[in-house]
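In the numbering used here, the protein residues as written are 5 to 164. For reference, the structure is listed below as structure tokens.
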């Protein structure tokens, strides 16, 4: 019996899914874009992780970070957008990304939002924030040849 526990315990540890409790995309067909997390850096800036779950190749994206009166975008980097060598820019409350070379973001392999981080927005707070705050995106997603793709977005409730 003692030796059996040496076999079963490691199996349970290695076979369990550590992300089983993570947030998942709700769209089964199409595109879902939203905010996965917001990290306050303590210096007046925020790191806002934007996710993109898609079952359709995406050639470009543009979105406004809402509510506009709370945020000023200073930069955009990382995530799938950077991996695909998308040109990404952000300013005021709008950010966008596309590939000059014609690359696309392919279909998502995982439903977990944390596996589908499109980019990280560096934002500066314009004013003091009263929590909880509903933060959302107003996106435009483009497919191959610039065809607009309908997308779903869910608000993120930011509660410090």
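Glycine included, each C-beta is placed from N, C-alpha and C at the ideal position.
Ignore the nearest five residues each way along the sequence and tell me which others in residue i's own chain have a CB closer than 6 Å to its CB.
| i | result |
| --- | --- |
| residue 29 | 36, 57 and 115 |
| residue 101 | 65, 85, 90 and 92 |
| residue 5 | Any answer about residue 5 is weak, because its pLDDT of 49 lies below 50 and its placement is not dependable; what the coordinates show is given next. Answer for residue 5: no residue qualifies. |
| residue 78 | 126 and 128 |
| residue 144 | 66 |
| residue 76 | 128 and 130 |
| residue 159 | 138 and 140 |
Quick one: what's residue i bridged to in DSSP?
| i | result |
| --- | --- |
| residue 1 | The structure shown does not extend to residue 1, since the chain is modelled only from 5 through 164, so no value can be given for it. |
| residue 40 | In the DSSP output, where bridge partners are listed per residue, residue 40 has none listed. |
| residue 205 | The structure shown does not extend to residue 205, since the chain is modelled only from 5 to 164, so the question has no answer here. |
| residue 125 | 52 and 80 |
| residue 32 | DSSP lists no partner for residue 32. |
| residue 75 | 129 |
| residue 95 | 98 |
Using a Cβ-Cβ cutoff of less than 8 Å, which residues in the same chain neighbour residue i once the five nearest sequence positions on both sides are dropped?
| i | result |
| --- | --- |
| residue 150 | 63 and 64 |
| residue 117 | 26, 27, 28, 29, 38, 40, 55 and 57 |
| residue 11 | Bear in mind that the predicted position of residue 11 carries a pLDDT of just 49, short of 50, making it too unreliable to give a figure here. |
| residue 80 | 92, 93, 94, 99, 101, 123, 124, 125 and 126 |
Taking the straight line between their C-alpha atoms, what separation do you get for residue i and residue j?
| i | j | result |
| --- | --- | --- |
| residue 130 | residue 136 | 17 Å |
| residue 48 | residue 128 | 6 Å |
| residue 17 | residue 105 | In this prediction, residue 17 has a pLDDT of 42, which is less than 50 and means its spatial position is unreliable; what the coordinates show is noted afterwards. Cα-Cα distance, rounded: 43 Å. |
| residue 132 | residue 46 | 13 Å |
| residue 120 | residue 134 | 29 Å |
| residue 164 | residue 70 | 17 Å |
| residue 111 | residue 161 | 27 Å |
| residue 42 | residue 140 | 11 Å |
| residue 107 | residue 138 | 33 Å |
| residue 142 | residue 113 | 24 Å |
| residue 34 | residue 156 | 8 Å |
| residue 44 | residue 32 | 31 Å |
Just to check my reading of the structure: residue i and residue j have Cβ atoms closer than 8 Å, yes? What is that Cβ distance to the nearest angstrom?
| i | j | result |
| --- | --- | --- |
| residue 40 | residue 54 | 7 Å |
| residue 123 | residue 95 | That belief does not hold up - the Cβ atoms of residue 123 and residue 95 are roughly 14 Å apart, past 8 Å. |
| residue 68 | residue 98 | 5 Å |
| residue 88 | residue 103 | 6 Å |
Within a Cβ cutoff of 7 Å, which residues of the same chain sit near residue i, ignoring the five residues on either side of it in sequence?
| i | result |
| --- | --- |
| residue 147 | 60, 61, 62, 63 and 153 |
Cβ of residue i less than 8 Å from any chain B Cβ?
| i | result |
| --- | --- |
| residue 123 | Considering every chain present, this structure includes no chain B. It has just one protein chain. |
Within the stretch 45-71, ranges of the beta strand (DSSP E) (whole runs, at least 3 residues): Correct list: 49-58 and 64-70.
Segments assigned beta strand (DSSP E), at least 3 residues, entirely inside the stretch 132-159: 137-146 and 155-158
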